[in-house]
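The sequence shown begins at 660 in the numbering used here and counts up one residue at a time.
One structure below.
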Amino acid sequence: MALVDIIMPQMGESIAEGTLSKWLKKVGDEVKRDEPIFEISTDKVDAEIPAPNAGVLAEILVKEGETVAVQTIVARLETEKGAFSAAAAKTEEPAAQKESESEEPVAAAAASSGGPPPKTESKAPEPPVRHQNSAPTTAFPQNGNSFEERVRSKSSPLVRKMAAEHNLDLRGLQGSGISGRVTKKDILGFINGGVPDSARVSMHAPGGADVGHLPMPEPWPGDRVEAMSKMRGLISDHMVASRRTSAHVTSFMEIDLTRVARIRSRKRAEFEAATGEKLTYLPFIITSVVQGIKAFPIMNSSVAGKNVIYRRPINIGVAVALDWGLIVPVIKNAQDLSLSGITRALNDLAGRARAKKLSPEEVQDGTFTITNPGVFGSIMGTPIINQPQVAILGIGAIEKRPKILPGQDGEDTIAIRTCAYFSISFDHRIIDGAVADQFLAHVKKTIEEFPEAGV
């Protein structure tokens, strides 16, 4: 009997776990290769995951609604026809009920470097456990009787990482797990306002407020209380983590898209007839951003401690709003694509994002992100950087405005122009304001002088 493991895929650079939201097949069903077999939900994407081989679904190990670490085996597929017995059709008790399986982190190093997701046996560097009034512990003694080893045995690497990020001392926490084990659920509960005094370690929010003492809001009579979806909860965590990680600064420029609007109007029918693709403003903007990144490579980098990683490929992530959250599919190697190639890739990714048809690779390895709140009428905004990137471009509403232009005779005239406010949020740790403004000015110039021959 040949069994093939089906694993929880990694759906983004910073994603360590996923929620199995729905099984599309049941035990005993025949499955074709690449046929969707289950749905997952993360902060990056809701997606259908295809079967790696053809065969019969022999065993389901993770129930619907459970959250497990990436690379966790969620099911097994029998690939030899006839080898699947009726006895195996009974669904086994999910192995994913073990706490450790739902709390193991994944090393982000491979994803950050553009490599494949790490294998289960690879070990990520574990964060130090912070102790009251002491420096962080960088290594644990191998003596099983040491205090550090006992703390380590009572918590998973993910729990220790979360504790370190929120300056919690595990010594002061009594967990709900076996033998007082501190679980991820416990940590989230402590973070949301229930941190005992014995576990507080200099927890301060911006402005000096003590996070541990902030009161939790209580529902009033008539209020409706709903739990966050898995995607919304993870988006929340990552947005807070990004603000805490990068020194955010945002600059704005008004960009005149009148020339692009005229080119688009003249070429639209011809372009759509030749390519079968709808031509919007966004491909013009993406093409101009790629040119700006080529001129200012620091905008396409990541911070690794005291080092700066300059990414060779220009992989443009484009935020796509969904009814249930936000997805950022990635146009890979945009520097090698023409306007029509970018249009085709953009339309394809956006359509499949809304249909939950994206593969894990299509939401990974972005190097620069563009978000377009202007489609909803927003004039301008200050988007949060998509870690581990260092910049994100925001596009405001594209609309006609009266502008004062110099006339040929030296007299100023008032003209109607198609304009939008563009914003660039950047990481001030490595990008100076002058560089960010020069980059945005380069994008502005490229858009305002866009060559008609390039369409």
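Backbone N, C-alpha and C fix where the C-beta goes; we use that ideal spot for every residue, glycine too.
Keep in mind the model is a prediction, meaning the values are calculated, not measured.
Discussion item. Please list the terminal residues of the continuous alpha helix (DSSP H) segment that includes ARG692.
Written reply: Indexing the sequence shown from 1 puts residue 692 at position 33. ARG692: not part of any alpha helix (DSSP H); DSSP gives it neither H nor E.
Worksheet item: Counting pairs of Cβ atoms below 8 Å between the stretch 924 to 939 and the stretch 982 to 990, do you hit three or more?
Response: Because the criterion of three Cβ pairs below 8 Å is not met, the stretch 924 to 939 and the stretch 982 to 990 do not touch.
Fill in: Straight-line Cα distance separating ASN712 from ILE626
Shown here, the chain extends from 660 to 1114; a query on residue 626 therefore has no answer.
Worksheet item: Which residue's Cα is closest to the Cα of VAL663: ALA734, ALA1093, ILE973 and GLN950?
Response: Against the sequence shown, residue 663 aligns to sequence position 4. Here the closest residue by C-alpha is ALA734.
Item to complete: Identify every run of the beta strand (DSSP E) within the stretch 1012 to 1062, keeping only runs that are complete inside it and at least 3 residues long; order them along the chain.
Response: 1027 to 1030 and 1050 to 1054
Discussion item. Once the 5 residues before and after VAL919 are set aside, which same chain residues still bring their CB inside 7 Å of it?
Written reply: Counted from its first residue, the sequence shown places residue 919 at position 260. Excluding residues within five positions, the ones whose Cβ falls inside 7 Å are TYR940, PHE943, ILE1106 and PHE1109.
Fill in: Residues that TYR969 bridges to, as DSSP identifies them
Taking the sequence shown and counting its residues from 1, one reaches residue 969 at position 310. Bridge partners of TYR969: SER960.
Practice prompt. Take PRO1032 as the anchor and find which of GLN1023, GLY892, ILE1043 and THR1026 has the nearest alpha-carbon.
Written response: Mapped onto the sequence shown, residue 1032 falls at position 373. It is ILE1043.
Worksheet item: What is the C-beta distance between MET890 and ASP705, in whole angstroms, given that I count them as a contact (C-beta under 8 Å)?
Response: As a first step, residue 890 is located in the sequence shown; it is residue number 231 there, counting from the start. As a first step, residue 705 is located in the sequence shown; it is residue number 46 there, counting from the start. Right, the Cβ-Cβ distance comes to about 7 Å (below 8 Å), so this counts as a contact.
Item to complete: Would you mind stating whether GLU698 and LYS1016 have Cβ atoms separated by less than 8 Å?
Response: By 1-based counting over the sequence shown, the position of residue 698 is 39. By 1-based counting over the sequence shown, the position of residue 1016 is 357. No, the pair does not count as a contact, with Cβ atoms beyond the cut-off.
Worksheet item: Do you know whose CA, among PRO1047, ILE708, PRO668 and ALA675, lies nearest LYS681's CA?
Response: The residue given as residue 681 occupies position 22 in the sequence shown. Nearest C-alpha to LYS681: ILE708.
Worksheet entry | Beta-bridge pairing of TYR940 - partner residues as DSSP gives them | Taking the sequence shown and counting its residues from 1, the one referred to as residue 940 is at position 281. Paired residue(s): none; TYR940 is not in a bridge.
Fill in: PRO1019 and PRO668 closer than 8 Å at C-beta
Counting from 1 along the sequence shown, the entry for residue 1019 is found at position 360. Counting from 1 along the sequence shown, the entry for residue 668 is found at position 9. Pairing PRO1019 with PRO668 gives a Cβ-Cβ distance under 8 Å.
Worksheet entry | Beta-carbon gap between LEU1052 and ILE1073 smaller than 8 Å | Sequence index remark: in the sequence shown, residue 1052 carries index 393 (1-based). Sequence index remark: in the sequence shown, residue 1073 carries index 414 (1-based). Not in contact: LEU1052 and ILE1073 (Cβ atoms no closer than 8 Å).
Worksheet item: Rounded to whole angstroms, how far is the Cβ of SER910 from the Cβ of ILE1038, which I believe are closer than 8 Å?
Response: Within the sequence shown, numbered from 1, the residue matching residue 910 stands at position 251. Within the sequence shown, numbered from 1, the residue matching residue 1038 stands at position 379. Incorrect: roughly 15 Å between the Cβ atoms, too far for contact.
Worksheet item: Touch check for the stretch 1085 to 1097 and the stretch 956 to 969: three-plus C-beta pairs under 8 Å?
Response: yes
Fill in: Pair within 8 Å by beta-carbon distance, LYS1059 and ASN1006
As a first step, residue 1059 is located in the sequence shown; it is residue number 400 there, counting from the start. As a first step, residue 1006 is located in the sequence shown; it is residue number 347 there, counting from the start. Contact: no.
Worksheet item: Quick one, are the C-beta atoms of THR738 and GLY714 less than 8 Å apart?
Response: Reading the sequence shown from its first residue, position 79 is the one you call residue 738. Reading the sequence shown from its first residue, position 55 is the one you call residue 714. Yes; because the gap between Cβ atoms is below 8 Å, this pair is in contact.
Worksheet item: Nearest-angstrom Cα distance between GLY892 and VAL1022?
Response: Translated into positions along the sequence shown, residue 892 becomes position 233. Translated into positions along the sequence shown, residue 1022 becomes position 363. Roughly 18 Å separates the two Cα atoms.
Discussion item. Between ILE975, GLY1025, MET958 and ALA1012, which has its C-alpha nearest ASP982's C-alpha?
Written reply: Here residue 982 refers to the residue found at position 323 when the sequence shown is read from its first residue. Of the listed residues, the one whose Cα sits closest to ASP982 is ALA1012.
Item to complete: Whole angstroms is fine: what's the gap from GLN1097's alpha carbon to ILE968's?
Response: Taking the first residue of the sequence shown as 1, we reach residue 1097 at position 438. Taking the first residue of the sequence shown as 1, we reach residue 968 at position 309. Cα to Cα, GLN1097 sits roughly 21 Å from ILE968.
Worksheet item: Which whole-angstrom value describes the C-beta separation of LEU998 and THR946, a residue pair presumed to lie in contact below a C-beta threshold of 8 Å?
Response: Numbered from its first residue, the sequence shown carries residue 998 at position 339. Numbered from its first residue, the sequence shown carries residue 946 at position 287. The Cβ separation is near 6 Å, so the contact holds.
Worksheet item: What are the boundary residues of the beta strand (DSSP E) that includes ILE732?
Response: Sequence index remark: in the sequence shown, residue 732 carries index 73 (1-based). From DSSP, the beta strand (DSSP E) with ILE732 extends over 732 to 737.
Worksheet entry | Residue nearest to SER700 in terms of C-alpha spacing, selected from VAL884, THR731 and GLY724 | Working through the sequence shown from its first residue, we reach residue 700 at position 41. The shortest C-alpha separation from SER700 is found at GLY724.
Worksheet item: If GLN1046 sits next to THR917, beta carbons under 8 Å apart, how far is it from one beta carbon to the other, in whole angstroms?
Response: Against the sequence shown, residue 1046 aligns to sequence position 387. Against the sequence shown, residue 917 aligns to sequence position 258. That belief does not hold up - the Cβ atoms of GLN1046 and THR917 are roughly 36 Å apart, past 8 Å.
Worksheet item: Which partner residues of PRO709 appear in the DSSP bridge assignment?
Response: Numbered from 1 along the sequence shown, position 50 holds the residue referred to as residue 709. Bridge partners of PRO709: PRO695.
Worksheet item: Hey, would you say ALA710 sits closer than 8 Å to VAL729, going by beta carbons?
Response: In the sequence shown, the residue the question calls residue 710 occupies position 51. In the sequence shown, the residue the question calls residue 729 occupies position 70. Against a cut-off of 8 Å, the Cβ pair of VAL729 and ALA710 comes out as no contact.
Worksheet item: Could you check where the alpha helix (DSSP H) with HIS1101 kicks off and where it finishes?
Response: Position 442 of the sequence shown holds residue 1101. Note, HIS1101: alpha helix (DSSP H), 1092 to 1107.
Practice prompt. If I'm right that PHE1085 touches ALA1095 with Cβ under 8 Å, what's the distance once you round it to whole angstroms?
Written response: On the sequence shown, position 426 is the one that residue 1085 refers to. On the sequence shown, position 436 is the one that residue 1095 refers to. About 4 Å separates the CB atoms of PHE1085 and ALA1095; that is less than 8 Å, so the two are in contact.
Worksheet item: Tell me the DSSP bridge mates of ARG1076?
Response: Sequence index remark: in the sequence shown, residue 1076 carries index 417 (1-based). The partner list for ARG1076 (beta bridge, DSSP) reads ARG1060.
Discussion item. For LYS722 and LEU716, I'd like the C-alpha separation in whole angstroms.
Written reply: Locating residue 722 in the sequence shown gives position 63, where the first residue counts as 1. Locating residue 716 in the sequence shown gives position 57, where the first residue counts as 1. Those two C-alpha atoms are separated by around 14 Å.
Practice prompt. Ignore the nearest five residues each way along the sequence and tell me which others in ILE846's own chain have a CB closer than 6 Å to its CB.
Written response: As a first step, residue 846 must be located in the sequence shown, where it is residue number 187. VAL818 and MET821.
Worksheet item: Is the beta carbon of ILE973 less than 8 Å from the beta carbon of THR934?
Response: One-based indexing of the sequence shown puts residue 973 at position 314. One-based indexing of the sequence shown puts residue 934 at position 275. No, they are not a contact pair.
Worksheet item: Per DSSP, LYS685 is paired with what?
Response: Mapped onto the sequence shown, residue 685 falls at position 26. LYS685 is not bridged to any residue.
Discussion item. Which residues does DSSP list as the beta-bridge partners of SER1082?
Written reply: Along the sequence shown, one-based indexing puts residue 1082 at 423. The partner list for SER1082 (beta bridge, DSSP) reads PHE911 and GLY1053.
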